[in-house]
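Asks: Shown below is the structure under consideration.
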Amino acid sequence: MRNLLITGGAGFIGSNFVHYMLETHADYRIVVFDKLTYAGRRENLERVAANPRFHFVQGDICDMQAVRAAVREHNIDTIVNFAAETHVDRSIMAPDAVVTTNVKGTWTLLEVARETGLERFHQISTDEVYGAIPAPRRSREGDPLEPRSPYSASKAGAEHLVYAYFITYGLPVTTTRGSNNIGPYHYPEKAVPLFTTNAIDNLPLPIYGDGLQVRDYQYVLDHCEAIDTVLHHGQLGEVYNVGTEVETPNIEMAHKILDLLGKPHSLIQHVTDRAGHDRRYALDCSKLRALGWQSRHSFDEALEKTVRWFVANEAWWRPIKSGEYLEYYRRQYEERGA
Ligand code: NAD
Ligand code: TYD
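Written as structure tokens, this is what we have:
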């Protein structure tokens with residue numbers, strides 16, 4: 001493993017992974033393959049733009065010829081597939097893009113991986129494929145997949161294809177199912193960066209329903225380390241959960257953001273709930289820990305680092321919160337009563 005194609009590498013987790021891998025593995029060459037949708041941003045990769053071991057290709061993972069050309073030209077031996085439409089609310093408003101990119105795009109990558117005989121195909125999946133998990137249960141990797149949103153259903157569909165290529169064609173695959181990530185370069189449509197940037201501007205924090213939905217918020221670099229661990233020590237054909245196993249209700253997360261910024265709790269505004277909102281996700285991550293990985297950041301540390309990053313990097317997020325974003329925000333939140 002030396003020449004990695006990181007699809008979706010201009011997005012939130014992908015760009016953090018690119019930084020992490022270039023710093024951690026001095027002999028790896030990284031090619032980012034990214035369509036640059038609204039969520040993909042070249043500036044996320046500015047820090048590594050001049051690195052001779054880094055290369056950027058703009059392309060769509062559904063475009064087989066473009067994927068094949070990138071793999072051949074750069075002598076790729078490993079694909080790590082982050083590329084996806086990732087926002088549950090957008091997937092509810094417009095499901096076509098999630099099905100196309102997340103299912104057909106993953107299939108396209110698998111086909112190219114198969115024909116070029118890659119060393120590894122790693123799929124980035126999500127804890128959302130398990131569906132809502134009643135307490136006190138925790139999801140283990142062998143549990144049934146019961147996705148309930150267009151986003152999570154498309155990610156489960158992609159995973160099934162990945163496994164099918166392992167069984168049918170012997171493609172060397174691994175998969176990680178991560179919980180909610182937080183950290184630098186997080187697009188401010190997701191709850192933590194949205195609440196943080198709204199709070200900085202003294203705008204309301206729109207909490208869906210009662211805010212007692214539970215998520216496991218992990219620091220993005222912990223997730224990156226986990227993917228690296230699975231790439232080097234994971235077993236082919238296997239899936240690994242990645243999270244902190246700490247459960248945080250959304251309302252508590254919102255209160256903590258306000259406290260970190262010294263803003264009043266009165267900024268919290270309860271709005272109409274998300275359709276089919278999964279009440280709780282909870283992972284059992286013992287299988288990954290057995291490979292030697294452990295989460296390094298507590299929830300409070302992860303949240304504090306994240307909030308501090310957004311305070312220090314207004315130049316990154318202010319331009320995003322304009323144009324298309326404001327149109328999306330109006331459509332998404334006006335009808336919720338925000
Ligand atoms: P993101 O939305 O920030 O970035 C997605 C990236 O994919 C963008 O750079 C975008 O331009 C690119 N992309 C989208 N469609 C593409 C296409 N057709 N061809 C090429 N590139 C395309 O997403 P993220 O939060 O960084 O998530 C990355 C991956 O991790 C996704 O697969 C997601 O399902 C998974 N995941 C995310 C989380 C989370 O909390 N954010 C948790 C678990 C798993
Ligand atoms: P999000 O960041 O969209 O991630 P996911 O839905 O993939 O878990 O949302 C995290 C939680 O926050 C989820 O329970 C939905 C909730 N939420 C709100 O309450 N208000 C919001 O404006 C958003 C975007 C999310």
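Going by our numbering, the residue at position 70 of the sequence shown is 70; the numbering climbs one at a time, nothing skipped.
Positions of the beta carbon are idealized from the N, C-alpha and C atoms, including for glycine.
(1) Return the chain-ordered list of same chain residues with a C-beta closer than 6 angstroms to the C-beta of L291, the five sequence neighbours on each side being excluded.
(2) Does the stretch 5-16 come within contact of the stretch 69-83, defined as at least 3 CB pairs closer than 8 angstroms?
(3) Hey, quick one: how far does the alpha helix (DSSP H) through R331 stretch, first residue to last?
(4) Within the same chain, show all residues whose beta-carbon is closer than 6 angstroms to that of G59, passing over the 5 residues directly before and after it, in chain order.
(5) When DSSP labels each residue in this structure, what does R120 get in the three-state scheme?
(6) Taking G243 as the reference, give the member of Q235, K104, D284 and A254 with the closest Cα.
(7) Please state the DSSP three-state secondary structure of T248.
(8) Quick one: Cα of D89 to Cα of Q332, how far?
(9) Here's the rule I'm using: 16 or more other beta-carbon atoms within 10 Å means buried, otherwise exposed. How should Q123 be labelled?
(10) Is G131 near ligand 1, with its Cβ less than 7 angstroms from a heavy atom?
(11) Less than 8 angstroms between C-beta atoms, sequence neighbours within five positions excluded: which residues of the same chain meet that for R137?
(12) Using 8 angstroms as the cut-off, can you tell me whether the stretch 150-159 makes contact with the stretch 125-141, which would need three or more C-beta pairs spanning the two stretches below that distance?
(13) What's the call for E225, buried or exposed, on a 16-neighbour Cβ count within 10 Å?
(14) Counting only runs of 4+ residues fully inside the stretch 2-79, write out the alpha helix (DSSP H) ranges in chain order.
(15) Within the stretch 243-322, note down every full alpha helix (DSSP H) run reaching 4 residues or more, in order along the chain.
(16) In whole angstroms, what is the alpha-carbon distance linking S295 and H55?
(17) Kindly confirm or deny that the stretch 189-204 and the stretch 300-314 touch, where touching means at least three C-beta pairs closer than 8 angstroms.
Replies: If we stick to the structure as given:
(1) In the sequence shown, counting from the first residue as 1, residue 291 sits at position 291. Excluding positions up to five away in sequence, the list reads T229 and H233.
(2) yes
(3) Locating residue 331 in the sequence shown gives position 331, where the first residue counts as 1. Per DSSP, R331 belongs to the alpha helix (DSSP H) from E324 to E334.
(4) In the sequence shown, the residue the question calls residue 59 occupies position 59. F33 and A66, listed in sequence order.
(5) Reading the sequence shown from its first residue, position 120 is the one you call residue 120. Here R120 sits in strand by DSSP.
(6) On the sequence shown, position 243 is the one that residue 243 refers to. Nearest C-alpha to G243: D284.
(7) By 1-based counting over the sequence shown, the position of residue 248 is 248. Strand.
(8) If you number the sequence shown from 1, residue 89 lands on position 89. If you number the sequence shown from 1, residue 332 lands on position 332. Straight-line Cα distance between these residues: approximately 8 angstroms.
(9) The count along the sequence shown starts at 1 and reaches residue 123 at position 123. Q123 comes out buried.
(10) For the purposes of this step, residue 131 is taken as residue 131 along the sequence shown, with counting starting at 1. False, no ligand heavy atom lies under 7 angstroms from that Cβ.
(11) Within the sequence shown, numbered from 1, the residue matching residue 137 stands at position 137. If we look at R137 and ignore the five residues flanking it on each side, its Cβ neighbours are A282.
(12) yes
(13) As a working mapping, residue 225 is identified with position 225 in the sequence shown. Classification of E225: buried, given that the 10 Å Cβ count is 16 or more.
(14) 12-24 and 64-73
(15) 250-261, 286-289, 299-312 and 314-317
(16) Here residue 295 refers to the residue found at position 295 when the sequence shown is read from its first residue. Here residue 55 refers to the residue found at position 55 when the sequence shown is read from its first residue. Each residue's Cα considered, the two are about 30 angstroms apart.
(17) yes
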